[in-house]
Amino acid sequence: MTIQLGIIGAGGIGQVHAKAASEAGHAAKVVCDLDGQRATEAAQPWGAEAMTDVDAMLARDDIDSIVVALPNCLHAPMACRALAAGKHVLLEKPMAMNVTECEDVITARDAAARLLQVGFVCRFAATVQAARRFIESGRLGRIYHARAAMYRRRGIPGLGRWFTTREQSGGGVMIDLGPHLVDLVLHLADRPEVVTANAVATSIFGSPLYEYRFTNMWAGPPDPEGTFDVEDGASVQLRCANDLTISLEMAWASHLPDGTLPDGVTLFGEQGAMHFDIWGDHILMGTEMDGELVDVKHQITEGEDWGTAFRRQHESFAANCGSSTAPTASAEDGREVQRVLEAMYASVAAGNSVQVAEAVNA
Ligand SMILES: NC(=O)c1ccc[n+]([C@@H]2O[C@H](COP(=O)([O-])OP(=O)(O)OC[C@H]3O[C@@H](n4cnc5c(N)ncnc54)[C@H](O)[C@@H]3O)[C@@H](O)[C@H]2O)c1
């Protein structure tokens, strides 16, 4: 389906969306940001109009779908506004700041009878799509353990600004990289219910260490007057109702050389095991056949990078806008991921393992 797209938020990821939308064949008509210069810079390469007035953009009849690429605290409120204005919404991750906000978005979606897709872009990596095909064909048998990790050497986003200010972000690396990891594992394992969460979090590389001793990280220069009240590393254990156990590791910063520990997923099944780097070009599998141990390297043929996954995400969004079936990465999937994130934070606060159902309703 051809959609008439508007993008709200012209920061780092708004610009990636503008490029991906154009590559997917539905170049944005408008890019809107409070910062007019940013809006113009993101709009111009794709022939889009730059705007700074969100209400005026949402009132336009020639826009039927919206990407929300704003700071986390604005995700749910802006998604609700866009849905109420009759637009389909591709909402960046995390879906919201908490589960209550996810419910608000689902209510708004149902009232508007429009599409709400969550920006779980890792699902569109070629490795992940191939891995899912192998899993569906039964190569691994029952998956009993999953391990997923994202490590950065220097990657605290926008130190001192909204990403590192809990009130605006909802947290640090757990709510930033956590949504990708949690959704990815649940997606590959057919979305079992997560029942317990045990998380430990650290805050090592924020101000003042980063500011005074180490080189710059990404997302602009640090704001020395700004806030850093979030975690920059975490280690998480989850247990699911079907006995699947999940181990997650994530760090915004470390001293490890890039690539030492890739953005990797490892799945352990009764019939086979699998490992891949999400943004890599192959999948490794091991199994046993006729009494022999067998290793398989599945090469991903298509040239693959982050941008390709964003283009595929946009193709899926446009197709979902014209379809009555549940979208890839639905609001319900987003809410389930948010339940797990909320339980992870509750576990950090309690210093213990928590029951997800109790932590979320507390
Ligand atoms: N899917 C991914 O892999 C991925 C990667 C990076 C970021 N993200 C998500 O995308 C979101 C945005 O991240 P970012 O790195 O682009 O942040 P950013 O700070 O670079 O950009 C946010 C933009 O929103 C604008 N803005 C703020 N309030 C506004 C308002 N009320 N109306 C209009 N514009 C407003 C700001 O001026 C800024 O340009 C975050 O939620 C982040 O988690 C997702």
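The sequence shown finishes on residue 554 if you use my numbering, and the numbering steps up by one all the way, no holes.
Idealized CB from N, CA, C, for every residue including glycine.
Please read all numbers here as calculations on a predicted model, not as lab measurements.
Helix, strand or coil for Met249? Go by DSSP, reduced to three states.
For the purposes of this step, residue 249 is taken as residue 57 along the sequence shown, with counting starting at 1. Of the three classes helix, strand and coil, the one that applies to Met249 here is helix, per DSSP.
Do the segment 386 to 400 and the segment 294 to 309 touch if we need at least three Cβ pairs shorter than 8 angstroms?
Output reads no: the segment 294 to 309 does not touch the segment 386 to 400.
Identify which residue in Ala235, Leu401, Ile335, Ala426 has its Cα closest to the Cα of Pro371.
Taking the sequence shown and counting its residues from 1, the one referred to as residue 371 is at position 179. Ranking the options by Cα distance to Pro371, first place goes to Ala426.
For the alpha helix (DSSP H) that contains Thr299, what are its first and last residues?
Counting from one through the sequence shown, the residue named residue 299 turns up at place 107. It spans 291 to 304 - the alpha helix (DSSP H) in which Thr299 sits, taken as one unbroken run.
Please specify which runs of the beta strand (DSSP E), each continuous and at least 3 residues long, are wholly inside the segment 382 to 451, giving them in chain order.
As far as the segment 382 to 451 is concerned, its whole beta strand (DSSP E) runs of at least 3 residues are 386 to 394, 425 to 432, 437 to 443.
Taking 7 angstroms as the cut-off, is the beta-carbon of Gly370 closer than that to any non-hydrogen atom of ligand 1?
What you label residue 370 is simply residue 178 of the sequence shown in a count that begins at 1. Result no, Cβ not under 7 angstroms from ligand 1.
Assign Thr458 to one of three DSSP states: helix, strand, or coil.
Within the sequence shown, the letter at position 266 stands for residue 458. Three-state DSSP puts Thr458 in a strand.
Hey, would you say Arg315 sits closer than 8 angstroms to Thr520, going by beta carbons?
In the sequence shown, residue 315 corresponds to position 123, counting from 1. In the sequence shown, residue 520 corresponds to position 328, counting from 1. Yes, the pair counts as a contact, with Cβ atoms nearer than the cut-off.
On the DSSP letters alone, give me the boundaries of the beta strand (DSSP E) that Val222 sits inside.
Against the sequence shown, residue 222 aligns to sequence position 30. Counting along the chain, the beta strand (DSSP E) containing Val222 begins and ends at 222 to 224.
Between the alpha carbons of Asp375 and Val532, how many angstroms are there, rounded?
Translated into the one-based positions of the sequence shown, residue 375 becomes position 183. Translated into the one-based positions of the sequence shown, residue 532 becomes position 340. Computed Cα separation, rounded: 10 angstroms.
Contact criterion: CB-CB distance below 8 angstroms. Does Val486 meet it with respect to chain C?
Absent from the structure is chain C; it holds one protein chain and no more.
Along the chain, where does the alpha helix (DSSP H) that runs through Ser508 open and close?
Translated into positions along the sequence shown, residue 508 becomes position 316. Its alpha helix (DSSP H) spans residues 498 to 513.
What three-state label does DSSP hand Phe559 in the structure shown?
In the structure as shown, the chain starts at 193 and stops at 554, and residue 559 therefore has no counterpart that could be examined.
Is Val486 buried or exposed, if buried means 16 or more other CB atoms sit within 10 Å of its CB?
Position 294 of the sequence shown, counting from 1, holds the residue named residue 486. So Val486 ends up on the exposed side.
By the DSSP assignment, the alpha helix (DSSP H) with Ser214 in it spans what residues?
As a first step, residue 214 is located in the sequence shown; it is residue number 22 there, counting from the start. It spans 204 to 215 - the alpha helix (DSSP H) in which Ser214 sits, taken as one unbroken run.
In angstroms with no decimal places, state the Cα-to-Cα distance between Arg504 and Leu430.
Position 312 of the sequence shown holds residue 504. Position 238 of the sequence shown holds residue 430. Taking the straight line joining both Cα atoms gives about 29 angstroms.
With which residues is Ser257 paired in a DSSP beta bridge?
Looking up residue 257 in the sequence shown gives position 65. In DSSP, Ser257 forms a bridge with Leu197, His280.
Any heavy atom of ligand 1 inside 7 angstroms of the beta-carbon of Leu226?
Taking the sequence shown and counting its residues from 1, the one referred to as residue 226 is at position 34. Yes.
Taking 7 angstroms as the line, does the beta carbon of Val529 fall inside it for any heavy atom of ligand 1?
Taking the sequence shown and counting its residues from 1, the one referred to as residue 529 is at position 337. No, the beta carbon of Val529 sits no closer than 7 angstroms to any heavy atom of ligand 1.
Helix, strand or coil for Asp487, going by three-state DSSP, please let me know.
Your numbering for residue 487 matches position 295 in the sequence shown. Asp487 falls in the strand class under three-state DSSP.
If we ignore side chains and look at the alpha-carbon of each, how far apart do Met175 and Ser399 end up?
The first residue shown for the chain is 193 and the last is 554, placing residue 175 beyond what the model contains.
In this structure, what does DSSP give as the bridge partners for Ile475?
Against the sequence shown, residue 475 aligns to sequence position 283. In DSSP, Ile475 forms a bridge with Phe468, His490.
Pair every Cβ in the segment 212 to 221 with every Cβ in the segment 240 to 258, then say whether three or more of these pairs are closer than 8 angstroms.
Yes, the segment 212 to 221 is in contact with the segment 240 to 258.
Since Ala231 contacts Ala220 with CB under 8 angstroms, what's their CB separation in whole angstroms?
Counting from one through the sequence shown, the residue named residue 231 turns up at place 39. Counting from one through the sequence shown, the residue named residue 220 turns up at place 28. Wrong, their Cβ atoms sit about 11 angstroms apart, outside the cutoff.
Nearest CA to the CA of Met466: which residue from Leu332, Pro263, Asn544, Ser395?
Indexing the sequence shown from 1 puts residue 466 at position 274. Taking only the C-alpha atoms, the option nearest Met466 is Leu332.
Would Pro263 pass as a contact of Gln360 if the rule is Cβ separation under 8 angstroms?
As a working note, residue 263 is residue 71 in the sequence shown. As a working note, residue 360 is residue 168 in the sequence shown. Closer than 8 angstroms, so yes.
Relative to the C-alpha of Arg346, which residue among Val365, Phe468, Ala276 is closest?
Taking the first residue of the sequence shown as position 1, residue 346 is located at position 154. Nearest of Val365, Phe468, Ala276 to Arg346, Cα basis: Val365.
Distance check for Gly478 and His280, CA to CA, integer angstroms please.
Walking along the sequence shown from the start, residue 280 turns up at place 88. Walking along the sequence shown from the start, residue 478 turns up at place 286. About 42 angstroms.
Arg252: which of Thr292, Gly198, Asp225 sits nearest, CA to CA?
The residue you call residue 252 lines up with position 60 of the sequence shown. It is Gly198.
Straight-line CA distance for Thr437 to Thr244?
Numbered from 1 along the sequence shown, position 245 holds the residue referred to as residue 437. Numbered from 1 along the sequence shown, position 52 holds the residue referred to as residue 244. Those two C-alpha atoms are separated by around 46 angstroms.
Relative to ligand 1, is the shortest distance from any of its heavy atoms to the C-beta of Thr202 smaller than 7 angstroms?
To locate residue 202, count along the sequence shown from 1; it is residue 10. A small fix is needed here, since residue 202 is Ala in this sequence, not Thr. Yes.
Taking 7 angstroms as the cut-off, is the beta-carbon of Ile438 closer than that to any non-hydrogen atom of ligand 1?
In the sequence shown, the residue the question calls residue 438 occupies position 246. Because no heavy atom of ligand 1 lies under 7 angstroms away, the Cβ of Ile438 does not count as near it: no.
Helix, strand or coil for Arg344? Go by DSSP, reduced to three states.
Counted from its first residue, the sequence shown places residue 344 at position 152. If DSSP states are grouped into helix, strand and coil, Arg344 belongs with coil.
Give the secondary structure of Gly311 by DSSP, where H, G and I count as helix, E and B as strand, and everything else as coil.
For the purposes of this step, residue 311 is identified with residue 119 of the sequence shown, where counting begins at 1. Strand.
Could you check what DSSP says for Gly350 in three-state terms: helix, strand or coil?
The residue given as residue 350 occupies position 158 in the sequence shown. Coil at Gly350, not helix or strand.
With the cut-off set at 8 angstroms, would you say Ala391 and Met289 are in Cβ contact?
By one-based count along the sequence shown, residue 391 stands at place 199. By one-based count along the sequence shown, residue 289 stands at place 97. Cβ distance not < 8 angstroms, so Ala391 and Met289 don't count as in contact.
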